[in-house]
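K.L.:
I'd like to ask you about the structure that follows.
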Amino acid sequence: MIQKFLGAFIAALASALVLSGPVAATPAKEAPWLPEAAAYRLTLFLGNLEPLPWDDIETAWTEPYRGSEFSVGALAWLDRKSDIEPDGLLDAIMREDLQAVFAEATRLVALRIEENLDRALAAEESATAQLAVQTARELYRAFEDGIAAADPEAARRIGLAWLELNSSTGSVGVLGAGATSADRDTMEAARAVISGYLAENYLLDSFAPRRTLSALPETAVLSGKVIEVPPSLPPGSDIFDQDPLPLLVLNFEEQGIDETDLPLVAYGDMLFDSAQLFGSPAQDLGIACSTCHNRSDVNQRLFIPGASHQLGAIDVDGAFFNPIFNDRRDDPLDIPSLRGLRFTGPYGRDGRFASLRDFTRNVVVNEFGGKEPTPFMLDALVAYMLEFDFLPNSMLTTDGRLTDTTQEAARRGEEIFNTPFARLGDRSCASCHVPDANFLDRQAHDIGSVAPGYEGARAGALDTPTLLGTAYTAPYFHDGSLPTLAAVVDWFDETKSLGLTEEDRADLTAYLETVGAADEPYEAFDTENTAFRLAFAELTTFASTIDTLLPRRDAEHILLLTDTVAADLSADASTMSNLPARPEVYALAERLAAVGAAVRVEDWEAAEASWTAFKSEADAIEERAF
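Mapping of the sequence shown onto mature numbering (1 follows the signal peptide of the UniProt record, and there is no 0): residues -25 to -1, 1 to 601, in sequence order.
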């Protein structure tokens, strides 16, 4: 995403501007979710999906959430740390009573906060009291965003109470100096503020029915007011780019063309990295095309509980991104690579879209609930994505044959790949994965890998995927059910009764691994090619696009551009540890925001002036950095 590139830019900028020591733009690490708070937030998220994933809701309480720093699930944690009995919650889950699950889970978390506040007040040692307060405060995170959205004044009041509670627990000092005693009166007064609000909103015998589960306080729900709670991803989610960074191979770069000379492609590049293209919640969460298709490849870190069944998979027609488009089936798909996109039509897993333009519109409007894109936006996105190329592979000729440099096993596997099998209707692997056609046949086939939707139904045909670059896109099949290329070979041999020997399987696997390999699969950074240079190239590209749009007075597309990048740049500046370097970065963000502000009121002279200032300051930074 643009934010990632700009983050790299800021890190390098800080080093360039201030030579007193190494610095980096490192976002603050989020404190780990306590198991019971994590289970609660997972329950809220999963409870809003259709159909309800009851197995996942149960797992949220019985198993550690993905990526958790705790080795046990919430129920086991409670058994160790609490006297609270979760029987009511377990019974509600067993009965699949969503309202009861919400009520029991809400009370459980609130009781855990109270339990730790009791321990803080009863503690004789300040360290024990501080730990109890810290635990209670971390549990309060489960409700915090709901309170902030519904009752900002109460959120401020409770926030002050937490500060007072924490500061009044006393301290043992340092090496015997600076010791202070606990201020019991202040602790009790602060605790009364927190407990009073919990009693009124989260510790009730019954709760009003909720069509959408959220952490909103009960008084706000009963008021009848429409309150928008900012969308959030549940604990265990990961939408950040993987490391190492995949190599982006673009056709125009291979031809020696600079993207600054291709304004339509440059704008499409920005759109591919912009969450502004989508609707809520994707837009609010910063999810863009590049979130899943990182640098045209696959983001193998991506995981959202309830929307992903494993890493690198997502259910794009579920209830989360666009309820209207929900097919009411739990059918997450393995994210496909977009490399070589201009060669891989038709598009979609079942090949239902002959046009990349129609496919792109479907993703924006239907899958992610975005507004109808303008023709210019679609033109730009398509123009950019058509530049995606396959990874270079010196072990393959241009017509898809192995070179003489490949190992013997792979060459034996090539013969098997091209051999017709009676159990395949006298067709070979190469009949569908045609070597001289980028290992495609541009058709859809039912190979038996899709389970029928109901008894007596046909399973369904899937678009033939290319084999190029597949060494880096595991797992395999539409649902990512096979972990390795060797497993793919085994599956075909076993399900189609091909009669391959163990040596045949090994040779065919070696061939597939060779076809799917690449000379340079990941971005290489050194003293000459740095993350900063990559990021600054993005800024230069952006500049060329603004230079094209401003004279045309194209307000809509300028604003999409400025709103996207100015916000990302400002957000990244706020995370910089190098304080002296921050003003320079904020200045760039402010200049960009000023362009957008002037465009909104159609003050084109001011927009031009702000844009000129932005370019001048960016050039000065480039000169110092390089």
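Even glycine gets a Cβ: it sits at the ideal position worked out from N, Cα and C.
Where does the unbroken alpha helix (DSSP H) through Pro558 begin, and where does it stop?
P.N.:
557 to 575
K.L.:
DSSP has Arg276 in a bridge; who is on the other side?
P.N.:
DSSP output for Arg276 lists no bridge partner at all.
K.L.:
Give the secondary structure of His532 by DSSP, where H, G and I count as helix, E and B as strand, and everything else as coil.
P.N.:
helix
K.L.:
Pick helix, strand or coil for Pro350, following the three-state DSSP scheme.
P.N.:
helix
K.L.:
By the 10 Å Cβ neighbour count, where 16 or more other Cβ atoms means buried, how is Thr187 classified, buried or exposed?
P.N.:
exposed
K.L.:
Contact between the stretch 206 to 214 and the stretch 484 to 492 is defined here as three or more beta-carbon pairs at a separation below 8 Å; is this criterion met?
P.N.:
no
K.L.:
From the DSSP output, in three-state form, read off Ile521 for me.
P.N.:
DSSP places Ile521 in helix when its eight states are reduced to three.
K.L.:
Three-state secondary structure (DSSP) at Ala154?
P.N.:
coil
K.L.:
In the structure shown, what three-state DSSP assignment does Phe589 receive?
P.N.:
For Phe589, the three-state secondary structure derived from DSSP is helix.
K.L.:
Per DSSP, which one or two residues make a beta bridge with Leu377?
P.N.:
Leu371
K.L.:
Compare the Cα-Cα distances from Arg575 to each of Thr537, Asp411, Leu83, Asn337 and report the closest residue.
P.N.:
Thr537
K.L.:
Assuming contact is defined by CB atoms lying nearer than 7 Å, are Phe343 and Phe278 in contact in what I supplied?
P.N.:
No.
K.L.:
Please report the residue range of the alpha helix (DSSP H) in which Thr34 lies.
P.N.:
29 to 37
K.L.:
Alpha helix (DSSP H) containing Asp160: first to last residue?
P.N.:
159 to 176
K.L.:
In three-state DSSP terms, what is Asp421?
P.N.:
coil
K.L.:
By the DSSP assignment, the alpha helix (DSSP H) with Ile68 in it spans what residues?
P.N.:
Start and end: 62 to 70.
K.L.:
Would you mind working out which of Leu86, Pro184, Glu347, Ser101 sits nearest Tyr172, comparing C-alpha positions?
P.N.:
Leu86
K.L.:
Which of the three DSSP states is assigned to Arg599 in this structure?
P.N.:
Residue state, collapsed to three classes: helix.
K.L.:
Give every residue of the same chain whose Cβ lies closer than 7 Å to the Cβ of Tyr359, excluding the five residues on either side of it in the sequence, and list them in chain order.
P.N.:
Val240, Gly243, Asp244, Phe247
K.L.:
Measuring CB to CB, does Gly539 end up less than 7 Å from Gln251?
P.N.:
What sits at residue 539 in the sequence shown is Thr, not Gly. Yes, the Cβ-Cβ distance between Thr539 and Gln251 is below 7 Å.
K.L.:
Might you give, ordered along the chain, the residues of its own chain that have their beta carbon closer than 7 Å to the beta carbon of Pro395, omitting 5 neighbours on each side?
P.N.:
Asp401, Arg402, Ser403
K.L.:
Based on DSSP bridge pairs, tell me the residues matched to Arg402.
P.N.:
Phe396
K.L.:
Any idea if Gln418 is buried or exposed, counting beta-carbon neighbours within 10 angstroms, 16 or more meaning buried?
P.N.:
Gln418 counts as exposed, since fewer than 16 other C-beta atoms from the protein chains shown sit within 10 angstroms of its C-beta.
K.L.:
Apart from the five residues just before and just after Tyr561, which ones in its own chain have a Cβ nearer than 8 Å to its Cβ?
P.N.:
Cβ contact annotation for Tyr561 (same chain, cutoff 8 Å, sequence separation greater than five): Ser545, Ala548, in chain order.
K.L.:
From the DSSP output, in three-state form, read off Leu114 for me.
P.N.:
helix
K.L.:
Is Ala542 helix, strand or coil when you go by DSSP?
P.N.:
helix
K.L.:
Helix, strand or coil for Ile310 per DSSP?
P.N.:
For Ile310, the three-state secondary structure derived from DSSP is coil.
K.L.:
Ala436 to Asp364, Cα distance in whole Å?
P.N.:
26 Å
K.L.:
Three-state secondary structure (DSSP) at Phe467?
P.N.:
Note: Phe467 maps to helix in three-state DSSP.
K.L.:
Please report how far the alpha carbon of Pro558 lies from the alpha carbon of Arg599, in whole angstroms.
P.N.:
15 Å
K.L.:
Can you tell me the Cα-Cα spacing of Ser156 and Val108, whole angstroms?
P.N.:
16 Å
K.L.:
Should Val201 go down as buried or exposed, given a rule of 16 or more other Cβ atoms within 10 Å for buried?
P.N.:
exposed
K.L.:
Going by other Cβ atoms of all chains shown within 10 Å of its Cβ, with 16 needed for buried, is Leu554 buried or exposed?
P.N.:
exposed
K.L.:
Please name the residue or residues paired with Leu457 in a DSSP beta bridge.
P.N.:
Tyr451
K.L.:
In this structure, does DSSP put Phe227 in helix, strand or coil?
P.N.:
helix
K.L.:
Provide the residue(s) that pair with Asp213 in DSSP beta bridges, ordered along the chain.
P.N.:
Phe278
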